[in-house]
């Protein structure tokens, strides 16, 4: 619950040494705030104002909209409530950049975000500067803990939108037949392929969910006890080679591996491979894949990505395994601790695409930072879940239906924005996210 | 799991005394089979051939189709595999009455079941007799356990379709502006209204799911351990009086109580009250409700019914409570045991509509036999869940997405067709089933 | 125009010899009325009550609905206005069987006509008898001309629904995979194929539209002058052999022959041939076609049928011709007069399917009575067109948009229900009507 | 017909004095070409690159797309065929900026034109310069007449897109809740309101369609004889005052004035007034209207605009009149000749909005240059219509279905781009064009 979350920035003493948040280190509040704000703008570097206003489908938003909406969030939930000396940049923005908060009032229709040529990108940048200045001014004075908590929420909110900037941009560039390059491809170290191996876990009583001093979203809370049956978890992510075997075995032609709704979706949208895959144009040629570095040959050793839940689930069934539950996944992630192989490259690597795993040791590799991993768990409230009072309570809770939980973090997730208890969620047909899978299976006790 | 289920009818010895199935007593196999088959036909009594062929929406099916499809089930999964001496009634039926089994082959489109004027109702009755005769002939000889298991599955399958016959018929009659009566209304004993009270449960480790000698569907298995937080469960179902207060408080006009998708659905379909409710036409008049006995005044003390998950969930949020999880519900049902108040009227009561509860004692009343109760649990596989091999494995498993579990049993459920572990499931927007709710809340430990 | 139409039954003197209506002879009013009413019921002979209540798509209606609605028409526009002594059969029918007359009030939704199992077919027959009796009683007394005019309109209305009974039934039986037979096929005389020849017409000033003593719909009126360029009209209808050449030449694969909207429709509905055609299952086999006599081999010499306007137009373009305008067609039909070859079999032939043409002489053959012929004319009001006052004015006029005119009459049209000025009309994507084409081309003056 | 059209630029002699085209004067070919090209870019002045890439609905296109596509037209139909020395600017553009010419090959989906952030606006301007240079180079040498004809077609094509630039931009700005201003409003001279009066025409034989030396589209040809009944035509356009009376009389609440499809559309899209009208927010306030100069008070004397055919037709029926046919309109326009009152302001006025009429004399006022006028005629081929060979033949002909003809020209039409025979066409539900109406009525002969 937002209101109760332990604060990143305690009231009296803003630490010079930073605070632990997830597994990462944060600096003092102002620096943290400004760093996140700056990174959003850096993501837009090299893009034109035109690039920043495309909306390629209702699920995706223009980059300019992301830049404005994250500012709107600070304005609406912090500045507008923090006192009389805040001057609104433009009163029309309250409606224009409201995403889905009924408690705030009217909102511009989601599917029409791409028509907002006004305000222009430059104007939105001025809006951002205006908000930055006001938040910094607020933080320079003694600041009540509830505002600090909301600022921290705003920072985490902006990090989520940084990932969306990348996934939405990728979809937009894909819709352009020119398949433009966003960032040049970086060389990737070749690793020998590892056979699929599993780690076993005993099960029994364990505790999941977020607790403690660091930031967590309301939907990760409260921490609570669950009971697990013994299970095993794949030591590495399923990769393109694995998945290609499924395709070549007729996985997209046989309903027996698929959930009924998944098969219907596959048929109606004519899925033949993951999103962004391009079939060989003629014998002898190989598969290609569209990335944020343009069209590339498909690397067989890298984690498969841009799967819907339906595809991930069908693949797992085809190979006699299943998807892990979110509790299993979190339990394993707690065990994995901070071993080096556990972490991938995150957004900061600059790859913007998953890379092959390192040679792994005892722990599952790439739990975080390459692809989100579909779990077999529906996105539902934890026992004792409460939303915050007011409009900010609409943040997560009202979406708890018809969505599946993904765990981990992807190559588009900011490095500071992950933890074992983190719950990402999307409808099962979603394919434009960096989502892949890790296998699980039962262990007979 | 179907193939492993303990048999209703052991191979060598068909008992004269019957076998416990759920809380009910069954006779020997042939009698059980014939009794179920007869009841389906009794449900169609008083209806014309025209009545029996209406399909009022794609989700519902004509009664004639239910009568044929339940026979097809025995033919396809038992008779067609049981030996050379079975003569097919009509080879076209294999496709015509296949509901959704890809493993069996092609199927007539679901939304076009209402165009099948041929075969006529009389022909379908001959088909039923043909199948009945063949199954009885099979049962009169020594019968391998896997066939017995499939016959038992067929009986349970037919019981499920008996409930659907009633819910589909109700929707069909509602679509006819004449609002015809199916069965005359029976007098209902008036009970003084009871305030809402809760039973508390300690939580901790418990076991849910189906195990033991009796029949259970694959989706209830295997039994397994779960961990519950302390909780409380409403002693009675939410009734029309309760729900009317929600309506009158603006529950259908304020998004804050609703899941986001639920609110969208409410808007797009203009829900203002539960399905089948008719608002007062003028001041001074009361609400009315359409039932299988035609239009009736709304009885305030009877359980509210024909709610979607979205409405049940919004109501619970509005009154500061929540829906129970399926594990909580099952745990409570195990405790409730066989106390008299626990059971409602089921289909056999002839009410075809929920009735007000008896004065209750220590246990939650009407856990079974009045309305299905939406739970907060998504319909997903239990740990260790396996489907049967072959097409019959499509029975339940492939629907485990985007559906919510309902527990209990309704006034349209056959009395023998219930148990504490039973998992019913529907998409959250479903309203034409006899579905209501029971409140739950957290108990701080 | 309805109100002004010359009466079939003059007030004072009801003729023993009948009146010319179109090219046909009618008996006195009561006989005419009863004959038409009886024929509707004869069309339902051999069909079960179940057969009579199927609605296979929103555009089509159940036979039972046609039987009731045609009675409703007499009740609503004649009996309800003709005096106090008429007793309504059931007040609910006013809404239940209203097709589209806003001026009459509410109507049961068109797409839900198939849910009306009540009233049953027997009840609808009693309704028909009730109406028959009342109309006969009315006609037995002196009857003001405006009522006579409305009764005549009702007779013509019922004849239109007789054709719809057949086209709707055909679609319904086609949707049933059993492809039931309505009437046994009759032997067809084989005629040697005739090459396509054209009749030439000089053009200039001519007069089209309905005038004179006989009945005509408002949309055929008033008669008026038009100017035609010289043109030529095909002496016979395009037949299956002709059309197959178009298919085999890739007509359904090349957009260049198609209107843009037609091509989109072809793609989205995957048209590969006319409706009801079944492609050869293997080499060596021939095309088959579904008819009201079940599946039959495709007869190459019979007129092609069940085309949309888009297909008819594409075919004409492919062979370097065009569709005639309705004025050209009517001008030619006026010239053709009563030559024997001009007329086909109509509904009364009992073929319920178009037959090959006779050896033709000077006039275009089969102008009437085999297939409706798409024209290049949009369905729009004639100069001076007026609708009748009141709800009956909604009969034709409000549909004058986005529809194309068809001329002639089909094998499902009652023999008395045609004339050179008759305007049938359907949206250009319509395929379930008995619609084919006749070619036209320009003649350079 | 394109190929046969009389040339604007005869081969040997390019006139210094210009050529009559419509009622306007054109300079020599190069100047004409460059003037049109320049005007397109002037329309984009004051707009940002972001403004130029919005697509607010599938029917509308981004301005950048219009700028590129008009260049593509010259490239594809002239330069690519005119010789070996033409260097393609970017081969990808052949597909990217193909609107709908199947004969040219694949095309980028219409509904996704707004995702093309690349090429950017600057790049498209370079593309335009590249094409301009190549066409000028072509025109500087002796040029075969068929190329000249195609260049002239390209000029007219670009003029059509100039109007679309304005209508699409208007819709886009309207979708932005900020309602930005494109060009400042100009003062409008107030004229006293004139009562509706009619000019009468005798009818009889007349000739319509394009003929002669000047340019005309294929769909206006060939000129041909038609026969008209006597009729009368409104001396002025229907204005906002007239139309408001229809609204206030319940015109949008009563189906009796509407075509059946029109009423359905009105209901499903909840039309309550013309597009861009804003109802008074409270009593005492007046209606407002969105224009290319932002929100403005509704001026009662200006022609009503942004009507669908359905609304224009309903209005005419409500006031006991009708829409004119296109032949009636053209006949009247021929009579009106060059009287001053006949012409409005066109695009060149800079109003970008219709203005009240001058005091009129004998002729109908504002036949051209204020609003397009819906006619009662479907858009169909004239007798003897032929399309050009090749892909350019797809220009007009393949759209001749389900559209209605509009006559005249609007305040967004370039002044040189009109003539009495000009046929504009849109589907009847279209509202974003500058379309209004002029009444007609029958005159009893």
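Residue numbers (the UniProt record's numbering), protein chains in the order written: chain A, 1 to 445; chain B, 1 to 445; chain C, 1 to 445; chain D, 1 to 445.
Yeah, the Cβ is synthetic: ideal placement off N, Cα and C, and Gly gets one too.
Predicted, not measured: the structure shown is a model, and the values here were computed from it.
- Where in the segment 172–244 of chain B do unbroken runs of the beta strand (DSSP E), each at least 3 residues long, occur, reported from the N-terminal end onward? 198–201, 204–208, 224–228, 231–234
- Task: To the nearest angstrom, report how far apart residue 218 (chain B) and residue 316 (chain A) are at their CA atoms.
- Result: Start at 1 with the first residue of the second chain, and residue 218 (chain B) comes out as number 218. Start at 1 with the first residue of the first chain, and residue 316 (chain A) comes out as number 316. Their Cα atoms are separated by approximately 20 Å.
- Item | Contact check, residue 210 (chain A) vs residue 349 (chain A), beta carbons under 8 Å | On the first chain, residue 210 (chain A) is found 210 positions in, with the first residue counted as 1. On the first chain, residue 349 (chain A) is found 349 positions in, with the first residue counted as 1. No; because the gap between Cβ atoms is not below 8 Å, this pair is not in contact.
- Flag residue 54 (chain A) as yes if its beta-carbon sits less than 8 Å from any beta-carbon of chain D, otherwise no. Sequence index remark: in the first chain, residue 54 (chain A) carries index 54 (1-based). Closer than 8 Å: yes.
- Which one or two residues does DSSP pair with residue 350 (chain B) in a beta bridge? Along the second chain, read from residue 1 onward, the residue named residue 350 (chain B) stands at position 350. DSSP output for residue 350 (chain B) lists no bridge partner at all.
- Task: Look up residue 370 (chain A) in the DSSP assignment and say whether it is helix, strand or coil.
- Result: In the first chain, the residue the question calls residue 370 (chain A) occupies position 370. The answer is strand: DSSP assigns residue 370 (chain A) an E or B state.
- Ordered along the chain, which non-local residues of its own chain (more than five positions away) have a Cβ less than 6 Å from that of residue 414 (chain B)? On the second chain, residue 414 (chain B) is found 414 positions in, with the first residue counted as 1. Result list for residue 414 (chain B): 159, 162, 347, in chain order.
- Contact list for the segment 94–109 of chain A against chain B, Cβ threshold 9 Å: 100, 102, 103
- Item | Neighbouring residues, chain C, relative to residue 384 (chain D) (Cβ below 7 Å) | Translated into the one-based positions of the fourth chain, residue 384 (chain D) becomes position 384. By Cβ distance, chain C contributes 229, 442.
- Residues in the segment 171–190 of chain C having any Cβ partner in chain B nearer than 7 Å: 172, 175, 176, 177, 178, 180
- Query: DSSP puts residue 449 (chain C) in a beta bridge; with which residues?
  - Reply: Residue numbering for chain C in the displayed model covers 1 to 445; residue 449 (chain C) lies beyond these limits and cannot be assessed.
- Residue ranges of each alpha helix (DSSP H) within the UniProt domain "DinB-like" (34–165) of chain C, 4 or longer: 63–74, 93–96, 121–139
- With a CB to CB cut of under 6 Å and the five nearest residues on each side skipped, what residues in its chain are close to residue 380 (chain C)? Walking along the third chain from the start, residue 380 (chain C) turns up at place 380. Result list for residue 380 (chain C): 400, in chain order.
- Using 10 angstroms around the beta-carbon of residue 45 (chain D), count the other beta-carbons present and answer buried if the total reaches 16, otherwise exposed. What you label residue 45 (chain D) is simply residue 45 of the fourth chain in a count that begins at 1. Residue 45 (chain D) is exposed by the Cβ-count criterion.
- Task: For residue 226 (chain B), return the contacting residues in chain A, with the cut-off set at a CB-CB distance below 9 Å.
- Result: Position 226 of the second chain, counted from the first residue, corresponds to residue 226 (chain B). Listed along the chain, the chain A residues whose CB falls inside 9 Å of the CB of residue 226 (chain B) are 226, 227.
- Alpha-carbon spacing of residue 370 (chain C) relative to residue 117 (chain A), whole angstroms: Locating residue 370 (chain C) in the third chain gives position 370, where the first residue counts as 1. Locating residue 117 (chain A) in the first chain gives position 117, where the first residue counts as 1. So the two alpha carbons sit approximately 59 Å from each other.
- Step through the CB atoms of chain E and report whether any lies within less than 8 Å of the CB of residue 118 (chain A). Looking at the structure shown, chain E is missing, and the protein chains on hand are A, B, C and D.
- Task: Give a yes or no on whether the C-beta atoms belonging to residue 442 (chain B) and residue 384 (chain A) are separated by under 8 Å.
- Result: Taking the second chain and counting its residues from 1, the one referred to as residue 442 (chain B) is at position 442. Taking the first chain and counting its residues from 1, the one referred to as residue 384 (chain A) is at position 384. Contact: yes.
- Message: Considering Cα atoms alone, identify which of A:312, A:53, A:214 is closest to residue 62 (chain A).
- Response: Within the first chain, numbered from 1, the residue matching residue 62 (chain A) stands at position 62. Ranking A:312, A:53, A:214 by Cα distance to residue 62 (chain A) puts A:53 first.
- Item | Neighbour flag for residue 121 (chain C) against chain B, beta carbons, 8 Å | Position 121 of the third chain, counted from the first residue, corresponds to residue 121 (chain C). Closer than 8 Å: yes.
- Report the option in D:229, D:130, D:51, D:77 whose CA atom is closest to the CA atom of residue 180 (chain D). In the fourth chain, the residue the question calls residue 180 (chain D) occupies position 180. Of D:229, D:130, D:51, D:77, the residue nearest in Cα terms is D:51.
- Item | Proximity test, Cβ basis, 8 Å: residue 58 (chain A) and chain B | For the purposes of this step, residue 58 (chain A) is taken as residue 58 along the first chain, with counting starting at 1. Using beta-carbon distances, residue 58 (chain A) does not count as an interface residue toward chain B, since no partner is under 8 Å.
- Query: Rounded to whole angstroms, how far is the Cβ of residue 431 (chain D) from the Cβ of residue 307 (chain D), which I believe are closer than 8 Å?
  - Reply: Translated into the one-based positions of the fourth chain, residue 431 (chain D) becomes position 431. Translated into the one-based positions of the fourth chain, residue 307 (chain D) becomes position 307. At roughly 7 Å, the Cβ-Cβ gap stays under 8 Å, so residue 431 (chain D) and residue 307 (chain D) are in contact.
- Task: Whole angstroms is fine: what's the gap from residue 21 (chain C)'s alpha carbon to residue 402 (chain C)'s?
- Result: Here residue 21 (chain C) is taken as the residue at index 21 of the third chain, counted from 1. Here residue 402 (chain C) is taken as the residue at index 402 of the third chain, counted from 1. Below a pLDDT of 50, predicted positions are generally treated as unreliable, and residue 21 (chain C), at 31, falls in that range; no measurement from the model is reported.
- Residue-level contact to chain A via CB, residue 201 (chain D), 8 Å cutoff: Residue numbering aside, residue 201 (chain D) sits at position 201 when the fourth chain is read from its first letter. It does not: the Cβ of residue 201 (chain D) has no partner Cβ on chain A nearer than 8 Å.
- Within 10 angstroms of the Cβ of residue 359 (chain C), are there 16 or more other Cβ atoms? Answer buried if so, exposed if not. Within the third chain, residue 359 (chain C) is the residue found at index 359, counting from 1. Residue 359 (chain C) should be labelled exposed.
- Report yes or no: is there a C-beta of chain A within less than 8 Å of the C-beta of residue 25 (chain B)? What you label residue 25 (chain B) is simply residue 25 of the second chain in a count that begins at 1. Low confidence applies to residue 25 (chain B): its pLDDT is 28, below 50, so where it sits in the model is not reliable, and the reading given next is rough at best. No, because no Cβ of chain A sits closer than 8 Å to the Cβ of residue 25 (chain B).
- Item | Inter-stretch contact (C-beta, 8 Å, three-pair minimum) for the segment 255–273 of chain A and the segment 133–141 of chain A | no
- Could one say the Cβ of residue 89 (chain B) lies closer than 8 Å to chain A's Cβ atoms, at least one of them? Taking the first residue of the second chain as 1, we reach residue 89 (chain B) at position 89. Residue 89 (chain B) does not count as touching chain A.
- Message: Suppose you measure from the CA of residue 183 (chain D) to the CA of residue 276 (chain D); what does that come to, to the nearest Å?
- Response: Sequence index remark: in the fourth chain, residue 183 (chain D) carries index 183 (1-based). Sequence index remark: in the fourth chain, residue 276 (chain D) carries index 276 (1-based). When rounded, the separation of the alpha-carbon atoms in residue 183 (chain D) and residue 276 (chain D) is 17 Å.
- chain D within 8 Å of residue 448 (chain C), Cβ atoms only: Residue 448 (chain C) cannot be examined here, being either before or after the span of chain C that is shown, 1 to 445.
- So which residues of chain D does residue 401 (chain C) contact, with C-beta pairs closer than 9 Å? What you label residue 401 (chain C) is simply residue 401 of the third chain in a count that begins at 1. Taking a Cβ-Cβ cut-off of 9 Å, the neighbours of residue 401 (chain C) in chain D comprise 259, 260, 261, 262, 309, 310, 313, 378, 402, 404, 428, given in sequence order.
- With DSSP as the reference, please indicate the residues paired to residue 322 (chain D) in a beta bridge. Against the fourth chain, residue 322 (chain D) aligns to sequence position 322. BP columns for residue 322 (chain D) point to D:440.
- Item | Residue-level contact to chain D via CB, residue 48 (chain A), 8 Å cutoff | The residue given as residue 48 (chain A) occupies position 48 in the first chain. It does: the Cβ of residue 48 (chain A) has a partner Cβ on chain D nearer than 8 Å.
- Query: Which partner residues does residue 410 (chain C) have in the DSSP bridge list?
  - Reply: Numbered from its first residue, the third chain carries residue 410 (chain C) at position 410. Answer is C:370.
- Would you say residue 115 (chain C) reaches chain B, if we count a Cβ-Cβ gap shorter than 8 Å as a contact? Numbered from 1 along the third chain, position 115 holds the residue referred to as residue 115 (chain C). With 8 Å as the cut-off, residue 115 (chain C) counts as an interface residue toward chain B.
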